[in-house]
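Asks: Next up is a structure, given as structure tokens.
Number of protein chains: 2
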Amino acid sequence: MVQTKKISDVDVETCEQTVIHTDVVQTVSEAMSNDEDMDNVADLFKLFGDRTRIRLLRALYQSEMCVCDLAYLLDMTQSAVSHQLRVLKQAKLVKNRREGKVVYYSLSDQHVMQILVQAYDHIKE
Amino acid sequence: MVQTKKISDVDVETCEQTVIHTDVVQTVSEAMSNDEDMDNVADLFKLFGDRTRIRLLRALYQSEMCVCDLAYLLDMTQSAVSHQLRVLKQAKLVKNRREGKVVYYSLSDQHVMQILVQAYDHIKE
DNA sequence: TAAATATATGAGCATATGTTCAAATGAACG
DNA sequence: CGTTCATTTGAACATATGCTCATATATTTA
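Protein chains in written order, with the UniProt record's numbering: chain D, 1 to 125; chain A, 1 to 125.
Here is the structure:
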């Protein structure tokens, strides 16, 4: 924990902005300087932050399924489902294989679901 | 794992939709019938799915801070930061206390950060 | 080759979201 | 009491997002 003793003001050139605890800002800024991957984290969570995609992942966690089955299961248009599956595939969260006319989707990585499960547990308390 | 033996078609009243693997859909549907909390999970992730909010949480994970310090740290308008802190507070992810003119924000629950850290680890591989 | 079926894709549209700007609170201090 | 400073808040605006609709692609089958 950082203590907040020193009080000082600093003017910034862009827009006049004030800093109260210079030392704290300095410390935190250094601690955060490493992880520029936070943007990627946000992007990953952005994928999870949609009801449709969450339900798709949840369903595929149970079993590999084709597009029309997923559409029926979620009570959605085949087109809408296909669009979202595309998003999930681009993010490498799901993979697919073709068998004749039918395309089967499945999770490309079981590990990703752990994040989901943990969040689920968090909600449940 | 569910096997995909039976092939059959079903018409649905709303829009004409086709189901190929009735048994799989049935099984998965039952498995998913319990967790209606998936919507809440999506909502939680929606909060994480933004660069600004992620960085705010990341910063507060290091130390309690006031609004103007956070604004300086993230190089953002104090107003924009305040708006997002409000969102995080409504979601009970952060809390605040007033000390004179200055309002200090901090994480209301360290546990929530575990989800973030896990996702961070996932990215790192 | 033509028809049928499963899926993919692009454009359009309506809504959601995040930021800015201006103005309102709220507290300390002369 | 009026001024200053930190923060909050509401409206406006621009962009992002997810769905629909029509159409394209791909594969099987008659």
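Just so you know, even glycine gets a beta-carbon here, dropped at the ideal spot from N, CA and C. Predicted model, so just to flag it, every value in this text is computed and none were measured.
For D/Val-87 and A/Ile-123, which I take to be in contact (beta-carbon distance under 8 angstroms), what is that distance rounded to the nearest angstrom?
Replies: Working through the first sequence from its first residue, we reach residue 87 of chain D at position 87. Working through the second sequence from its first residue, we reach residue 123 of chain A at position 123. Rounded, the Cβ-Cβ distance is 18 angstroms, inconsistent with contact.
Asks: On a CA-only basis, which of D/Ala-119, D/Leu-70, D/Val-28, D/Gln-26 is nearest A/Thr-18? Give me that one, please.
Replies: Your numbering for residue 18 of chain A matches position 18 in the second sequence. Minimum Cα distance to A/Thr-18 is reached at D/Leu-70.
Asks: Among D/Ser-82, D/Lys-46, D/Arg-58, D/Arg-51, whose alpha-carbon lies nearest the alpha-carbon of D/Cys-66?
Replies: Within the first sequence, numbered from 1, the residue matching residue 66 of chain D stands at position 66. Per the Cα distances, D/Ser-82.
Asks: Taking 7 angstroms as the CB-CB limit, is A/Asp-121 close to chain D?
Replies: Counting from 1 along the second sequence, the entry for residue 121 of chain A is found at position 121. False, the Cβ-Cβ gap to chain D never drops below 7 angstroms.
Asks: Leaving out five residues on either side along the sequence, give the residues of the same chain with a beta carbon under 8 angstroms from the beta carbon of D/Arg-58.
Replies: Here residue 58 of chain D is taken as the residue at index 58 of the first sequence, counted from 1. The answer, listed in chain order, is Leu-116.
Asks: May I ask you to report which of helix, strand or coil DSSP gives D/Ser-63?
Replies: As a first step, residue 63 of chain D must be located in the first sequence, where it is residue number 63. Here D/Ser-63 sits in coil by DSSP.
Asks: Given 6 angstroms as the limit, tell me if A/Asp-50 has its C-beta closer than that to any heavy atom belonging to the ligand PLP.
Replies: Inclusion of the ligand PLP in the displayed structure is not the case, the ligand content being empty and no account of it being possible.
Asks: With a threshold of 7 angstroms between beta-carbons, can residue 171 of chain A be considered close to chain D, or not?
Replies: The structure shown does not extend to residue 171 of chain A, since chain A is modelled only from 1 through 125, so no value can be given for it.
Asks: What separation, rounded to the nearest whole angstrom, lies between the Cα atoms of D/Tyr-61 and D/Asp-121?
Replies: The residue given as residue 61 of chain D occupies position 61 in the first sequence. The residue given as residue 121 of chain D occupies position 121 in the first sequence. The alpha-carbon atoms of D/Tyr-61 and D/Asp-121 are separated by roughly 16 angstroms.
Asks: When the Cα atoms are used, what is the spatial distance from D/Ser-33 to D/Thr-52?
Replies: Looking up residue 33 of chain D in the first sequence gives position 33. Looking up residue 52 of chain D in the first sequence gives position 52. For D/Ser-33 and D/Thr-52, the distance between alpha carbons rounds to 35 angstroms.
Asks: Return no unless some Cβ of chain D is closer than 7 angstroms to the Cβ of A/Ile-115.
Replies: As a first step, residue 115 of chain A is located in the second sequence; it is residue number 115 there, counting from the start. So, interface residue.
Asks: Pull up the DSSP beta-bridge partners for A/Ser-106, would you.
Replies: Taking the second sequence and counting its residues from 1, the one referred to as residue 106 of chain A is at position 106. A/Lys-95, per the DSSP bridge assignment.
Asks: So, using beta-carbon positions, are A/Asn-96 and A/Val-102 closer together than 7 angstroms?
Replies: The count along the second sequence starts at 1 and reaches residue 96 of chain A at position 96. The count along the second sequence starts at 1 and reaches residue 102 of chain A at position 102. Contact: no.
Asks: What separation, rounded to the nearest whole angstrom, lies between the Cα atoms of D/Gln-110 and A/Gly-100?
Replies: Within the first sequence, the letter at position 110 stands for residue 110 of chain D. Within the second sequence, the letter at position 100 stands for residue 100 of chain A. Approximately 50 angstroms, taken between the alpha carbons.
Asks: Hey, could you find the ends of the alpha helix (DSSP H) A/Asp-39 is sitting in?
Replies: As a first step, residue 39 of chain A is located in the second sequence; it is residue number 39 there, counting from the start. Segment 38-48, the alpha helix (DSSP H) holding A/Asp-39.
Asks: Please report the straight-line C-alpha distance between D/Ala-31 and A/Leu-73, rounded to a whole angstrom.
Replies: Reading the first sequence from its first residue, position 31 is the one you call residue 31 of chain D. Reading the second sequence from its first residue, position 73 is the one you call residue 73 of chain A. Distance between the alpha carbons of D/Ala-31 and A/Leu-73: 12 angstroms.
Asks: Beta-carbon of D/Val-94 versus every beta-carbon of chain A: anything under 7 angstroms?
Replies: As a working note, residue 94 of chain D is residue 94 in the first sequence. By this cut-off, D/Val-94 is not an interface position.
Asks: Less than 8 angstroms between the CB atoms is what I'm expecting for D/Ser-79 and D/Val-94, so what's the real figure, rounded?
Replies: Counting from one through the first sequence, the residue named residue 79 of chain D turns up at place 79. Counting from one through the first sequence, the residue named residue 94 of chain D turns up at place 94. Wrong, their Cβ atoms sit about 17 angstroms apart, outside the cutoff.
Asks: Quick one: Cα of A/Tyr-105 to Cα of D/Val-25, how far?
Replies: Position 105 of the second sequence, counted from the start, is the residue given in the question as residue 105 of chain A. Position 25 of the first sequence, counted from the start, is the residue given in the question as residue 25 of chain D. Answer to the nearest angstrom: the Cα atoms are 14 angstroms apart.
Asks: Contact check, A/Phe-45 vs A/Ile-54 under 8 angstroms by CB: the rounded distance?
Replies: For the purposes of this step, residue 45 of chain A is taken as residue 45 along the second sequence, with counting starting at 1. For the purposes of this step, residue 54 of chain A is taken as residue 54 along the second sequence, with counting starting at 1. Between A/Ile-54 and A/Phe-45 the Cβ distance is about 11 angstroms, and since that is not below 8 angstroms, they are no contact.
Asks: Could you give the first and the last residue of the continuous alpha helix (DSSP H) run that contains D/Glu-30?
Replies: Position 30 of the first sequence, counted from the start, is the residue given in the question as residue 30 of chain D. Where D/Glu-30 is concerned, the enclosing alpha helix (DSSP H) stretches over 22-33.
Asks: Drop a sphere of 10 angstroms on the beta-carbon of D/Glu-36, count the other beta-carbons inside from all chains shown, and report buried for 16 or more, exposed for fewer.
Replies: For the purposes of this step, residue 36 of chain D is identified with residue 36 of the first sequence, where counting begins at 1. D/Glu-36 comes out exposed.
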